[in-house]
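The block underneath contains the structure these notes are about, expressed in structure tokens.
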Amino acid sequence: MLTALLTWAGGHVDVVDRNGDRLPTAGAFGATRTATAIADLDRDGWSVAVDATGNPTAIAEALAHVRKTGRLALLGIGGSNATFPFAPFDVVARELTIVGVNSVRHSFGRAARLLADDRMPAGLLHGPPVPLVETAIAFEQTRAALGLKTRIAVGGAQ
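Each residue of the sequence shown is one higher than the last, beginning at 0 in numbering that gives the first Met the number 0.
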């Protein structure tokens with residue numbers, strides 16, 4: 000969804016996902032280029048990089064590929080104890096900005112309106128709903144990074 004929002008704002012968006020099965024969905028949301036590794040896309044770096052994973056390795060890679068005076072936006076949550084190493088000298092020398100983005104703050108109403116107007120192909124984000132009795136299976140699939148988003152059907156809801 001972030002890819003669509005950035006595209007609508009005029010950005011040229013590249014998406015990196017180690018799970019290549021997810022990349023066609025990124026294209027449907029407006030990604031200009033997709034790859035399973037930064038090295039397959041990066042030429043001169045990016046003026047803005049967004050990490051939506053919270054994975055320390057992904058964050059370090061993104062930071063390493065931000066252009067001078069660029070920005071790194073941290074959107075993913077890696078847990079309260081997650082840390083990532085970076086060289087403050089590098090941040091200062093390249094005049095980088097690192098920003099934390101709390102995506103849930105004041106955003107649910109706006110997100111609901113975007114989904115309601117049918118411009119966002121949200122149906123591509125998930126497969127068929129998983130019955131409530133199979134919730135444990137759904138969590139295991141999510142932990143294994145299978146699929147995109149998982150819906151749990153409660154009481155026969157679709």
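Even for Gly, the Cβ is constructed at its ideal location relative to N, Cα and C.
**OP:** May I ask you to report which of helix, strand or coil DSSP gives Thr-33?
**Re:** On the sequence shown, residue 33 is found 34 positions in, with the first residue counted as 1. Reduced to three states, the DSSP call for Thr-33 is strand.
Original post:
Taking Cβ to Cβ, would you say Ala-48 is nearer than 7 Å to Phe-28?
Top reply: Against the sequence shown, residue 48 aligns to sequence position 49. Against the sequence shown, residue 28 aligns to sequence position 29. No; because the gap between Cβ atoms is not below 7 Å, this pair is not in contact.
Subject >> Segments assigned beta strand (DSSP E), at least 3 residues, entirely inside the region 44-132 >> reply: 45-50, 65-73, 96-99
Original post:
Just curious, the beta strand (DSSP E) that Val-15 is in, first and last residue?
Top reply: Position 16 of the sequence shown, counted from the first residue, corresponds to residue 15. Run containing Val-15: 13-15, per the beta strand (DSSP E) assignment.
**OP:** Spatial neighbours of Ala-51 within its chain, please: CB distance less than 7 Å, with the 5 preceding and 5 following residues excluded, ordered by chain position.
**Re:** As a position in the sequence shown, residue 51 is number 52, starting the count at 1. Within the same chain, Leu-1, Leu-74, Gly-75 come within 7 Å of Ala-51 by CB-CB distance, once the 5 residues on both sides are set aside.
Subject >> Any 3 or more C-beta pairs closer than 8 Å across the region 10-17 and the region 29-48 >> reply: yes
Original post:
Distance, Cα to Cα, Leu-95 vs Ala-30?
Top reply: Counting from one through the sequence shown, the residue named residue 95 turns up at place 96. Counting from one through the sequence shown, the residue named residue 30 turns up at place 31. For Leu-95 and Ala-30, the distance between alpha carbons rounds to 24 Å.
Subject >> Beta-carbon gap between Arg-66 and Ser-79 smaller than 7 Å >> reply: Along the sequence shown, read from residue 1 onward, the residue named residue 66 stands at position 67. Along the sequence shown, read from residue 1 onward, the residue named residue 79 stands at position 80. No.
Original post:
Is Ala-152 helix, strand or coil when you go by DSSP?
Top reply: On the sequence shown, position 153 is the one that residue 152 refers to. Reduced to three states, the DSSP call for Ala-152 is strand.
Subject >> Straight-line gap, Ala-111 to Pro-120 (C-alpha atoms, nearest Å) >> reply: Mapped onto the sequence shown, residue 111 falls at position 112. Mapped onto the sequence shown, residue 120 falls at position 121. Rounded to whole angstroms, Ala-111 to Pro-120 spans 13 Å at the Cα level.
Subject >> chain B contact for Ala-110 (CB, 7 Å cutoff) >> reply: Judged by its chain identifiers, the structure shown contains no chain B, having just a single protein chain.
Original post:
Which first and last residues belong to the alpha helix (DSSP H) in which Gly-26 is found?
Top reply: Here residue 26 corresponds to residue number 27 of the sequence shown, with the count starting at 1. Gly-26 -> alpha helix (DSSP H) spans 22-27.
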